[in-house]
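Right, one structure below, let's go through it.
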Amino acid sequence: MIVRRSINKDELKELPKTVFPGRIHVIQSEAETEKAVAYLQSQPILGIDSETRPSFTKGQSHKVALLQISSDECCFLFRLNMTGLTQPLVDLLENPAVIKVGLSLKDDFMMLHKRAPFTQQSCIELQDYVRQFGIQDKSLQKIYAILFKEKISKSQRLSNWEADVLSDGQKQYAATDAWACLNIYNLLQELKRTGNYEVENLPVEEEVDANAPANR
């Protein structure tokens with residue numbers, strides 16, 4: 048497999064959309080949270096992401112509304128605006144035996160820490176992790192496109208994540224983002240294990256530029 052360093056917006060537009068293929072569970076009570084976390088604690092690796100209701104008024108901000116945690120088979124959407132960040136979720140985020148993979152995790156955790164204090168363990172930041180494979184793009188959408196030749200739709204990003212009922216589009220979007228992180232990590236781990244990949248060669252003038260001293 049040839050791993051490209053980056054992909055441009057025009058190429059991205061032409062790709063088919065990816066859709067989370069598993070089951071989506073919306074969690075909006077403490078009892079449901081406990082049950083969901085019991086399953087998630089048994090998984091070795093999970094994909095995570097979060098959503099916050101956008102603010103269109105200067106100076107106004109919202110707390111994180113949704114925490115998405117996905118295994119290969121199913122994704123749980125924890126509606127934190129209804130339940131808060133409960134102890135079972137804190138225990139999962141602090142569990143060193145379960146690897147949590149995400150993108151821009153610093154931002155996610157900064158928002159989650161506003162709901163409850165915890166010390167996250169065993170987290171992998173994909174923006175750092177993909178560098179060893181030559182990938183220079185930073186967005187989840189572009190990294191996914193490079194590796195899977197499919198695009199993640201971003202149409203629901205600025206929707207209301209505190210709505211009484213999440214739409215099917217919102218659920219699919221939220222689940223896909225968390226699952227995509229896991230999917231990327233699993234593929235890269237496999238490439239690392241087999242060595243069955245090459246990083247795309249840059250044109251000569253770009254190679255020279257890339258190796259030039261930074262302080263010129």
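When you read off a place in the sequence shown, starting at 1, and then add 47, the result is the number in our numbering.
Yeah, the Cβ is synthetic: ideal placement off N, Cα and C, and Gly gets one too.
Remember, it's a predicted structure, so these values are computed and weren't measured experimentally.
Express the C-alpha separation of residue j and residue i in angstroms, rounding to a whole number.
i: Lys56; j: Ala78; result: 43 Å
i: Leu114; j: Phe156; result: 10 Å
i: Asp163; j: Leu132; result: Reading the sequence as shown, one finds Ala at residue 163 and not Asp. Each residue's alpha carbon lies about 6 Å from the other.
i: Glu245; j: Met48; result: 6 Å
i: Cys122; j: Met158; result: 20 Å
i: Ala144; j: Ser169; result: 7 Å
i: Asn230; j: Lys64; result: 15 Å
i: Thr99; j: Val212; result: 15 Å
i: Glu247; j: Lys239; result: 16 Å
i: Pro135; j: His72; result: 17 Å
i: Phe165; j: Asp138; result: 8 Å
i: Asn258; j: Arg204; result: With a pLDDT of only 49 at Asn258, under the threshold of 50, the placement of this residue in the model should not be trusted, and no figure is reported.
i: Lys153; j: Lys185; result: 14 Å
i: Glu254; j: Ser151; result: Its pLDDT being 47, under 50, Glu254 is placed unreliably in this model, and the coordinates cannot settle the point.
i: Pro91; j: Asn243; result: 24 Å
i: Ala222; j: Glu141; result: 22 Å
i: Ser172; j: Ser214; result: Correcting the residue identity first, residue 172 is Glu in this sequence and not Ser. Computed Cα separation, rounded: 29 Å.
i: Tyr86; j: Lys196; result: 31 Å
i: Lys105; j: Gln174; result: 29 Å
i: Asp119; j: Gln167; result: 21 Å
Could you pull the start and end residues of the alpha helix (DSSP H) that residue i belongs to?
i: His160; result: 152-160
i: Gln174; result: 173-176
Apart from the five residues just before and just after residue i, which ones in its own chain have a Cβ nearer than 7 Å to its Cβ?
i: Thr241; result: none
i: Ile182; result: Val50, Arg52, Ile190, Ile193
Closest to residue i by C-alpha separation, out of the options, would be which residue?
i: Asp96; options: Glu81, His109, Leu124; result: Leu124
i: Gln217; options: Pro91, Leu59, Leu136, Lys201; result: Lys201
i: Lys60; options: Leu136, Lys198, Gly149, Leu140; result: Lys198
i: Asn233; options: Gly149, Asp154, Glu58, Gly106; result: Gly149
i: Gln88; options: Lys147, Gly69, Arg70, Gly106; result: Lys147
i: Glu58; options: Cys228, Glu237, Gln188, Asp224; result: Gln188
i: Ile224; options: Gly69, Leu62, Ile54; result: Going by the sequence as given, residue 224 is Asp instead of Ile. When each option's Cα is compared against that of Asp224, the closest is Gly69.
Within its chain, find whatever has a CB closer than 8 Å to the CB of residue i; leave out the 5 residues flanking it on each side and keep chain order.
i: Ile74; result: Thr80, Ala83, Phe123, Leu124, Phe125, Arg126, Thr130
i: Leu235; result: Tyr176, Val177, Phe180, Leu194
i: Glu209; result: Arg100, His109, Ala112, Asn128
i: Lys161; result: Lys110, Val111
i: Met76; result: With the sequence shown as reference, residue 76 is identified as Ser, and Met is not the correct amino acid for it. These residues qualify, in order along the chain: Met129, Thr130.
State the CB to CB distance for the pair residue i and residue j, rounded to an integer number of angstroms; the pair is presumed to be in contact (CB under 8 Å).
i: Leu93; j: Ser117; result: 6 Å
i: Gln219; j: Phe67; result: 6 Å
Which same chain residues end up closer than 6 Å to residue i when comparing Cβ atoms and leaving out the 5 residues on each side of it in sequence?
i: Trp226; result: Phe67, Gly94, Ser117, Cys122
i: Asn207; result: Arg100
What are the boundary residues of the beta strand (DSSP E) that residue i is part of?
i: Ile74; result: 70-74
i: Gln145; result: The sequence shown places Val at residue 145, not Gln. Taken as a continuous stretch (DSSP letters only), Val145 belongs to no beta strand (DSSP E), as it is neither H nor E.
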